[in-house]
Every structure is written in C-alpha cells, then in structure tokens.
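Quick notes on the structure that follows.
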Amino acid sequence: MKGVVRSSGRVSRWWLANSQLPLKLNLLGTLVRRDLEARYKGSILGNLWPLLNQLSQLLIYTYVFSIVLKVKLDLEGLPDNELAFGLWLFAGLIPWFAFTNGLIQAASSVVGQANLVKKVVFPLGLLPLVPIFSAFIESSFGLVALIGLTALSAQVLHSTIWLLPLVWIPQVLLTAGLGYLTAGLTVFLRDIPQSLGVILNLWFYVTPILYPVTKVPESWQFWIVWCNPITGISESYRDLILVGEMRHWGELAVSSIFALIMFYGGLWVYRRLRPAFADVL
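Read in order, the letters of the sequence shown correspond to residues 1 to 281 in the UniProt record's numbering.
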C-alpha cells in the first residue's frame, strides 16, 4: 500500500510539473522581452546596439590579424581577401559572444533579483535563463548579418544554414548549465563573477576562434579540440555558414555530450542550493 502511495505521489508531482511548463515558458518569454527592452530603453538605436558592438569587434580583429599581421586563410568558396578572414572570424565570435555575455549576466542573476527570490510563488529556475536567452537573441542579429555578408561575398547561400538549430541546442545547454552553477554559487561566494571574467579570458585564447585549429600544435590538439566544447560549436558555425558542409560532426557530438552533462550538473547544484537563497539574501 505504501508503495502505491509513493508511486501515486511521484506521478502527481510529474503531472504538476509538466502542466506548469507552458506557463513557465510564457513567463520566460515575457521576462526575456522585458530584459531586452530595458537594456536599451531610451536609446536611439535601441536593439541595434548588440549588432554594432559585434561588428566593432569584428573590425578590430580583422584589422589586427588580417591587415597588420597579414594572416591568410584558404577558405573554400570565399575569396582570398581581408573580407574572407573577417567572415571566418565573425563566424567563430558569434557563438562566443552569446556564450560569454549570457554566462556573465547569469552568474549575477539571483543576487541581482533578491526581491523575486523572496517571493514564494516565483519560479527561481527561470532567473539564470533570462540573460542567457537575451544574449542568444542579441547574437542572432550578428548571425543574420554574417549570413547576408557571406551570401554577398561568395554569391551563394548554403542550404546547410538550416542545420544551425543542431548547434544551438548544445550551445544553450552548455551556457544554461554553467549559468545555473555560477548563479547558485554566487549567492554564497560573491567572488564568482570576478573569477568568471578571468576564466573566460583564458578560455577565449585556448579556443580556436582567432586562429585555425591547424595552427594548434599536435600535442595540444586533443585538449583544444576534444576537451573544449566551444571548439566544436564554433567550428560547426563556420562549416554550416561558410563552407556549406558539416566537417566536424564528431567534435559537435562531444560538445553536445559535455553540454548535456554540464546542464544537468549545474541544474542539480542550483536546485540543491535554492532553498537557502532567501536566507542568505
């Protein structure tokens, strides 16, 4: 009899959680929209600022590496000029911008919303997701610009761009997992956001974004390619948008497995720490 009661309780909790999912998704969409509106409220250019920021970084890196340092790349389907290097670079920077911007803001999402934490009815699991999805949407402006510039430069629009959602899934899962982890820990260790900035700076330069994977010494390639989930994601962006052929299925698969583990691990830590949020804040 007790077993039946326990089983019935689990079924009830499962049904309740799934019945509330549409409401939570609707609330998440509302919070993301308000977050995007609040960021650029009162500015003349509004939501064009994320695109301008991304393009400014593109121009800086293109000038330094392509014009000053004369870095050349042999990219199939693209002309051999400074614009080709810029497009290649931009394709790697777009997922990195979405990842870092979302993660940095997610780390402070709980401590920055103490009033919501103390409300019993508010689903605290949404707090880290709001800046993550906001950053992802902002990066889509740069993605549209990249696809348009690539089509103009190469005179072709690769049909493989429709496979981009396969890359977005591990990208969002990885960012959300680390976001949950850092958001939960920041409530108790306020040094996490500052430490995260240092870690991301180091992470950026050990990821083949500014340089091709072929330039990495063979003794380091295993760590840079297979142990760095951002590598598989950024290389997949370049494959699908610039090359028109997916050449890094293995790397993307490893990145997806790592992202899934990170998501469930970060969510587990967040849920374990969540009951103490209101007491600390």
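Using N, Cα and C, we set each Cβ at its ideal position, and we do this for glycine too.
Through-space distance from residue j to residue i, alpha-carbon basis
{"i": "Ile161", "j": "Ser140", "result": "13 Å"}
{"i": "Ala98", "j": "Ile230", "result": "11 Å"}
{"i": "Phe263", "j": "Tyr270", "result": "10 Å"}
{"i": "Lys41", "j": "Lys215", "result": "43 Å"}
{"i": "Gly9", "j": "Leu23", "result": "Legend: pLDDT at Gly9 = 49, less than 50; position of this residue unreliable, value from coordinates given subsequently. One C-alpha to the other measures close to 22 Å."}
{"i": "Asp279", "j": "Tyr180", "result": "19 Å"}
{"i": "Glu251", "j": "Thr182", "result": "25 Å"}
Span of the alpha helix (DSSP H) around residue i
{"i": "Arg33", "result": "21 to 39"}
{"i": "Arg274", "result": "Looking at the DSSP string, Arg274 is not in any alpha helix (DSSP H), and its letter there is neither H nor E."}
{"i": "Leu225", "result": "Strictly speaking, residue 225 in this sequence is Val, with Leu absent from that position. Where Val225 is concerned, there is no enclosing alpha helix (DSSP H), given that its DSSP letter is neither H nor E."}
{"i": "Pro217", "result": "Unbroken run through Pro217: none, as it is neither H nor E."}
{"i": "Leu126", "result": "That residue, Leu126, is in no alpha helix (DSSP H); it is neither H nor E in DSSP."}
{"i": "Leu58", "result": "49 to 62"}
{"i": "Thr160", "result": "Neither: Thr160 is in no alpha helix (DSSP H) and is coded neither H nor E."}
{"i": "Leu200", "result": "192 to 205"}
From the options, residue whose alpha carbon lies closest to that of residue i
{"i": "Gly148", "options": "Leu83, Gly266, Ser108, Pro95", "result": "Leu83"}
{"i": "Gly244", "options": "Val68, Ala91, Gly184, Gln20", "result": "Ala91"}
{"i": "Ile257", "options": "Thr62, Thr186, Cys227, Trp96", "result": "Cys227"}
{"i": "Ala276", "options": "Val225, Leu185, Trp220, Gln194", "result": "Leu185"}
{"i": "Arg274", "options": "Leu146, Ala259, Ser234, Leu124", "result": "Leu124"}
{"i": "Leu163", "options": "Tyr237, Phe65, Trp268", "result": "Tyr237"}
{"i": "Leu143", "options": "Trp168, Val156, Thr214, Gln221", "result": "Trp168"}
{"i": "Gly102", "options": "Gly232, Leu173, Leu25, Ala278", "result": "Leu173"}
{"i": "His158", "options": "Ile94, Leu73, Leu166, Met246", "result": "Met246"}
{"i": "Leu146", "options": "Ile233, Gln194, Leu126, Leu51", "result": "Leu51"}
{"i": "Val156", "options": "Leu28, Leu260, Leu242, Gln57", "result": "Leu242"}
{"i": "Leu129", "options": "Thr175, Gln113, Pro165, Val121", "result": "Thr175"}
Residue burial classification, residue i (beta-carbon count within 10 angstroms, cutoff 16)
{"i": "Pro131", "result": "buried"}
{"i": "Ala135", "result": "buried"}
{"i": "Gly266", "result": "buried"}
Test: residue i CB closer than 8 Å to a CB of chain B
{"i": "Leu152", "result": "In the structure shown, chain B does not exist; there is a single protein chain."}
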